[in-house]
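Heads up, the thing below is written out as structure tokens.
Residue numbers (this note's numbering): 22 to 536.
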């Protein structure tokens, strides 16, 4: 384990400042936005400063990862979608956690998927432990012996003991003075009048962020390779080709049977739905899509675990494994194609929602990862697979932020309303049992501020009933007289408020049709 020692006083001091900053910034009601970006930037700056104070440097890899984390945190002040904010928070957490493993040294490009997972788990554990591991870096012998380097700790301990001695004396004599003079009593009462509930909330919030910050900073400066987690990582493969071959072979048969039996249903599309009694678009598309996404997500760790656990006793063992894995990958890609087809038909019939868009985006990313697995792991380049997957995850998250999913959802559904429902939707009666309609006028204005400019631009082309309901909801949501807190400032939300206020007269005219 890395034996690098931190400067406990500096780490605790930085954590205290970050805790107070967190209380000041994140006390504002509402979703995180500018405030969390500012706090994440302060944490990254504290890492850089403390690393220099301890006489070390950060590798280019660590600086890039911290920069990526800060950039994703910045998107909290750009996009207003809660789902996108969760994506950005996850990307920020991973980007901050990875360089903390080896005190800012480069290691990510040479590691594997399991190493990434262990590192994130170790960093999370160190964050949870907070200030407790810092005491291990305190030189208690020097404190007891009065060494010059520990003079600040001795002074702090002396002050604490003095306060402990003075407190009961102050209470006794202060109580006597209060009882002796009513004017003095009133002065003390006015001075000591505190909102204890408010004070407790400040202490709790500042304490939480300070605890988290100290845990992360100390872990970064000393390394997060915890022995308990490291010992959980398997050291050598333990399974022969017979066991792996039987497992993968049976899985291949299962996948092949599914694709063969369901071939017409997987790729039959609208024509099959129309001629099959009792089969609706909802049952055809919705029931299968998310299950197939789960199959795709679960097969990746299965293949990676099989490759890692394989004991290669003969050269032919590797060839057998690669043949079975390649077969499973081809079948998995066929299943993914089926899932895409199901979702395409579902969107044609019922429109787009956040759940459908993000699930489809995840499936696209999984398809990229599966192809990358075939190009790397099956060619003996396991570590290249891990780093490429990490990069693709960051790229996928950045792409989602860039394309503005809520605007895509609004644009897609409004275009469907203008062009009319599909034949499949008409056959299904225009609803699938979950509230879906050719245009869900209650759902669209519930989207974040990212969608408001798109909604305003296409409002005039909508049917009168949908137009009035959307206009009414936009006015209700985005014309509040209460000014937003600057700490929760968000660019898309600010633009949405400005755009709705600029079109307020036209929106009120459209909303009157609902009366």
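Ideal placement from N, C-alpha and C gives every residue a C-beta, glycine not left out.
Unbroken alpha helix (DSSP H) run spanning residue i, endpoints
{"i": "residue 336", "result": "336 to 371"}
{"i": "residue 56", "result": "55 to 74"}
{"i": "residue 496", "result": "485 to 499"}
{"i": "residue 375", "result": "375 to 397"}
{"i": "residue 440", "result": "426 to 440"}
{"i": "residue 137", "result": "134 to 150"}
{"i": "residue 331", "result": "Careful: residue 331 lies outside any alpha helix (DSSP H) and carries neither H nor E."}
{"i": "residue 47", "result": "29 to 47"}
{"i": "residue 507", "result": "It is not in any alpha helix (DSSP H) - residue 507 carries neither H nor E in the DSSP assignment."}
Closer than 8 Å to chain C by CB, residue i
{"i": "residue 259", "result": "Protein chains in the displayed structure number just one, and chain C is not present."}
C-alpha gap between residue i and residue j, whole angstroms
{"i": "residue 281", "j": "residue 351", "result": "13 Å"}
{"i": "residue 227", "j": "residue 152", "result": "14 Å"}
{"i": "residue 462", "j": "residue 315", "result": "31 Å"}
{"i": "residue 377", "j": "residue 353", "result": "20 Å"}
{"i": "residue 402", "j": "residue 394", "result": "9 Å"}
{"i": "residue 412", "j": "residue 371", "result": "34 Å"}
{"i": "residue 484", "j": "residue 440", "result": "11 Å"}
{"i": "residue 358", "j": "residue 46", "result": "46 Å"}
{"i": "residue 222", "j": "residue 37", "result": "16 Å"}
{"i": "residue 367", "j": "residue 135", "result": "36 Å"}
Neighbourhood of residue i by C-beta distance below 7 Å, restricted to the same chain and skipping five residues each side
{"i": "residue 112", "result": "93, 415 and 418"}
{"i": "residue 132", "result": "404 and 407"}
{"i": "residue 49", "result": "56, 506, 508 and 509"}
{"i": "residue 128", "result": "122"}
{"i": "residue 67", "result": "35, 39 and 238"}
{"i": "residue 80", "result": "125, 126 and 127"}
{"i": "residue 63", "result": "39 and 42"}
{"i": "residue 409", "result": "393 and 397"}
Cβ pair residue i, residue j closer than 8 Å
{"i": "residue 117", "j": "residue 97", "result": "no"}
{"i": "residue 475", "j": "residue 432", "result": "yes"}
{"i": "residue 384", "j": "residue 467", "result": "no"}
{"i": "residue 531", "j": "residue 480", "result": "yes"}
{"i": "residue 130", "j": "residue 52", "result": "no"}
{"i": "residue 90", "j": "residue 126", "result": "no"}
{"i": "residue 500", "j": "residue 525", "result": "yes"}
{"i": "residue 155", "j": "residue 33", "result": "yes"}
{"i": "residue 375", "j": "residue 337", "result": "no"}
{"i": "residue 54", "j": "residue 511", "result": "yes"}
Supposed contact pair residue j and residue i - C-beta distance, whole angstroms, cut 8 Å
{"i": "residue 477", "j": "residue 434", "result": "With 8 Å as the limit, residue 477 and residue 434 do not qualify as a contact, their Cβ atoms being about 15 Å apart."}
{"i": "residue 59", "j": "residue 35", "result": "Rounded, the Cβ-Cβ distance is 16 Å, inconsistent with contact."}
{"i": "residue 470", "j": "residue 514", "result": "4 Å"}
{"i": "residue 230", "j": "residue 43", "result": "3 Å"}
{"i": "residue 105", "j": "residue 392", "result": "Between residue 392 and residue 105 the Cβ distance is about 26 Å, and since that is not below 8 Å, they are no contact."}
{"i": "residue 77", "j": "residue 124", "result": "6 Å"}
Proximal residues to residue i (C-beta, below 8 Å), its chain only, five neighbours per side dropped
{"i": "residue 349", "result": "269, 272, 273, 276, 320 and 324"}
{"i": "residue 342", "result": "262, 265, 266, 269, 327, 328 and 331"}
Residues near residue i by beta carbon distance below 6 Å, same chain, minus five either side
{"i": "residue 310", "result": "360, 363 and 364"}
{"i": "residue 444", "result": "Confidence is the limiting factor: at residue 444 the pLDDT is only 45, short of 50, which leaves the residue's position unreliable and the question unanswerable from this model."}
{"i": "residue 237", "result": "148"}
{"i": "residue 95", "result": "58"}
{"i": "residue 102", "result": "427, 469 and 471"}
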